[in-house]
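Residues in the sequence shown are numbered from 1 upward in steps of one, following the UniProt record's numbering.
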Amino acid sequence: MNNRSRRILVVDDSQAILVVMQAILSELDVEYITVVDSAVKALEKIRQSPHPFDAIFTDLNMPEMDGMEFIRHLGELHYPGGIIIISEMENRIIDLAANLARQHCTHLIGNIAKPVQLLDVERNLKKLDSFVGTEEEYEQPISEDKLLEAISQHEITPFYQPKVHRGTKQIKSIEVLARIVSKDQGQVMLPKRFIGVAEDLDLVNLLTFQLFEKAATEFQLIRNELNYPFKLAFNLSPIQLNDTSCPDKLALILELNRLKPQEVIVEITENQPIVTSLQLETINRLRLRGFDLALDDFGTGFTNIHQLKTLPFTEIKIDRSLITYIESDRFSQVLVDSLIDIAQNEQLDIVAEGIERIEELQYLERYKFSLLMQGYLISRPKALHEFVRWIHSWQRMINSNP
Numbered sequence: 001m002n003n004r005s006r007r008i009l010v011v012d013d014s015q016a017i018l019v020v021m022q023a024i025l026s027e028l029d030v031e032y033i034t035v036v037d038s039a040v041k042a043l044e045k046i047r048q049s050p051h052p053f054d055a056i057f058t059d060l061n062m063p064e065m066d067g068m069e070f071i072r073h074l075g076e077l078h079y080p081g082g083i084i085i086i087s088e089m090e091n092r093i094i095d096l097a098a099n100l101a102r103q104h105c106t107h108l109i110g111n112i113a114k115p116v117q118l119l120d121v122e123r124n125l126k127k128l129d130s131f132v133g134t135e136e137e138y139e140q141p142i143s144e145d146k147l148l149e150a151i152s153q154h155e156i157t158p159f160y161q162p163k164v165h166r167g168t169k170q171i172k173s174i175e176v177l178a179r180i181v182s183k184d185q186g187q188v189m190l191p192k193r194f195i196g197v198a199e200d201l202d203l204v205n206l207l208t209f210q211l212f213e214k215a216a217t218e219f220q221l222i223r224n225e226l227n228y229p230f231k232l233a234f235n236l237s238p239i240q241l242n243d244t245s246c247p248d249k250l251a252l253i254l255e256l257n258r259l260k261p262q263e264v265i266v267e268i269t270e271n272q273p274i275v276t277s278l279q280l281e282t283i284n285r286l287r288l289r290g291f292d293l294a295l296d297d298f299g300t301g302f303t304n305i306h307q308l309k310t311l312p313f314t315e316i317k318i319d320r321s322l323i324t325y326i327e328s329d330r331f332s333q334v335l336v337d338s339l340i341d342i343a344q345n346e347q348l349d350i351v352a353e354g355i356e357r358i359e360e361l362q363y364l365e366r367y368k369f370s371l372l373m374q375g376y377l378i379s380r381p382k383a384l385h386e387f388v389r390w391i392h393s394w395q396r397m398i399n400s401n402p
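What follows is the structure in structure tokens.
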């Protein structure tokens, strides 16, 4: 999404800050800018606006209603956009603000120190790109008929993206991502166009099982290319966790393909909170069957630190909005450092998602003994035969640079 089409709300009791922010956003080609001098007025604007704001820049220290209370109200309104704090924040305050935002089901993606600088605002708008997705993901959703046809024609196709250990450079696991590949034209459709539709039509389990079965049959071919053990990782949404028979169905597909649950990671996406007794039962049953469990997009979603410690996860994946431009973003640096400490204390694997730039990789070098890497810089998601070719290239590279 380009800046011109973004809708931005700025909340600060300082008229000087509002003037500066409006000037900076205009210079960055943002057309839809709303500025208010109190959180109360901001909530009124949010309720009245016919279009949701893509991002809200807010001060913390304001009279009448401070930034923390404002963020709580944003959670109550189910505000879906990104939140950037305008404040010079100590590390402990960043941790607390981020955890409170998670508890209120809001998405805190950065902070800007005062005096506000254009480069800081620009960097956070770029982080918003990784938070909301890319333009190509905003194409028209698939129709019900087209989705049913794709499932009946077995066009749900696994694409593979590796998670690589930063220190050893070995492939520790491979995430299986759903694509629809039309048999007639070979066009590839991204999941943003069909997953939501599948959930609305109660077809997401059928889609998942078809993907699971195809990847399970292809597992042996990938295993033949590597001379060490690795795991496959699949995504489940919190909606699917309401089906308590899901673990048994997945285990049966594996058994028919001579695989074990211990060779599979189930990644739970954070697009909805995990709160029902059925969801908790399914999570426990998955672990009882031997599946590993990963919490996807951690850091900006719905799961707080307490839930992370009480639910039986074996891996956490740091949301890519915290990895984008991390080398120059103090907010992200503090949060990532904190998340890695938590993962190590809880003996969890930890994955940095969305690595796309060499500068991000270089910054993450400090965590090379404990971090798994995933992102376009390492490999884009690829269909089976293209992924096998990537494995060959990767192995040649690490053998020539031990």
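Glycine residues also receive a C-beta, built at the ideal position from the N, C-alpha and C atoms.
Nearest by alpha-carbon distance to LEU148: which of TYR160, ASN111 and GLN210 is it?
The residue you call residue 148 lines up with position 148 of the sequence shown. Nearest option by C-alpha distance: GLN210.
Straight-line gap, TYR160 to GLU64 (C-alpha atoms, nearest Å)
Counting from one through the sequence shown, the residue named residue 160 turns up at place 160. Counting from one through the sequence shown, the residue named residue 64 turns up at place 64. Near 51 Å, if we compare the C-alpha coordinates of GLU64 and TYR160.
Which of the three DSSP states is assigned to LEU177 in this structure?
As a first step, residue 177 is located in the sequence shown; it is residue number 177 there, counting from the start. Reduced to three states, the DSSP call for LEU177 is strand.
Cutting at 6 Å between CB atoms, please list the residues of its own chain near ARG179, excluding the five before and the five after it.
Here the question's residue 179 lines up with position 179 in the sequence shown. So the list reads THR157, PHE159 and VAL188, once near-sequence residues are dropped.
Given this structure, state the Cα-to-Cα distance separating ILE85 from GLN170, to the nearest angstrom.
For the purposes of this step, residue 85 is taken as the residue at position 85 of the sequence shown. For the purposes of this step, residue 170 is taken as the residue at position 170 of the sequence shown. For ILE85 and GLN170, the distance between alpha carbons rounds to 38 Å.
Between GLU359 and the rest of its own chain, which residues show a CB-CB distance below 6 Å, the 5 nearest in sequence each way excluded?
Working through the sequence shown from its first residue, we reach residue 359 at position 359. So the qualifying residues of the chain are GLU327.
Just curious, the beta strand (DSSP E) that ILE279 is in, first and last residue?
For the purposes of this step, residue 279 is identified with residue 279 of the sequence shown, where counting begins at 1. Just to set this straight, residue 279 is Gln in the shown sequence, not Ile. No beta strand (DSSP E) holds GLN279; the alpha helix (DSSP H) holding it covers 277 to 289.
Test item: CB-CB of LYS163 and LEU18 under 8 Å
Locating residue 163 in the sequence shown gives position 163, counting from the first residue. Locating residue 18 in the sequence shown gives position 18, counting from the first residue. No; because the gap between Cβ atoms is not below 8 Å, this pair is not in contact.
Where in the segment 165 to 224 do unbroken runs of the beta strand (DSSP E), each at least 3 residues long, occur, reported from the N-terminal end onward?
171 to 181
Between which two residues does the beta strand (DSSP E) holding TYR363 run?
Taking the sequence shown and counting its residues from 1, the one referred to as residue 363 is at position 363. Note, TYR363: premise wrong, no beta strand (DSSP E); alpha helix (DSSP H) at 358 to 363.
Along the beta strand (DSSP E) that carries LYS231, what are the first and last residues, could you check?
Residue numbering aside, residue 231 sits at position 231 when the sequence shown is read from its first letter. Note, LYS231: beta strand (DSSP E), 231 to 236.
PHE230 and ASN257 - do their beta-carbons sit closer together than 8 Å?
Sequence index remark: in the sequence shown, residue 257 carries index 257 (1-based). Sequence index remark: in the sequence shown, residue 230 carries index 230 (1-based). No. Outside cutoff.
Would you kindly work out how many angstroms separate the C-alpha atoms of ILE174 and LEU232, rounded to a whole number?
Here residue 174 corresponds to residue number 174 of the sequence shown, with the count starting at 1. Here residue 232 corresponds to residue number 232 of the sequence shown, with the count starting at 1. One C-alpha to the other measures close to 5 Å.
Expected contact under 8 Å - CB spacing of THR324 and GLY290 to nearest Å:
Position 324 of the sequence shown, counting from 1, holds the residue named residue 324. Position 290 of the sequence shown, counting from 1, holds the residue named residue 290. Contact doesn't hold; Cβ gap of about 35 Å is too wide.
Helix, strand or coil for SER400 per DSSP?
Here residue 400 corresponds to residue number 400 of the sequence shown, with the count starting at 1. If DSSP states are grouped into helix, strand and coil, SER400 belongs with the helices.
Excluding the 5 residues preceding and the 5 following ILE253 in the sequence, name in chain order all residues of the same chain whose CB lies nearer than 8 Å to its CB.
Counted from its first residue, the sequence shown places residue 253 at position 253. For ILE253, where only same-chain residues beyond five positions count, the Cβ hits under 8 Å are PHE209, PHE212, GLU213 and ALA216.
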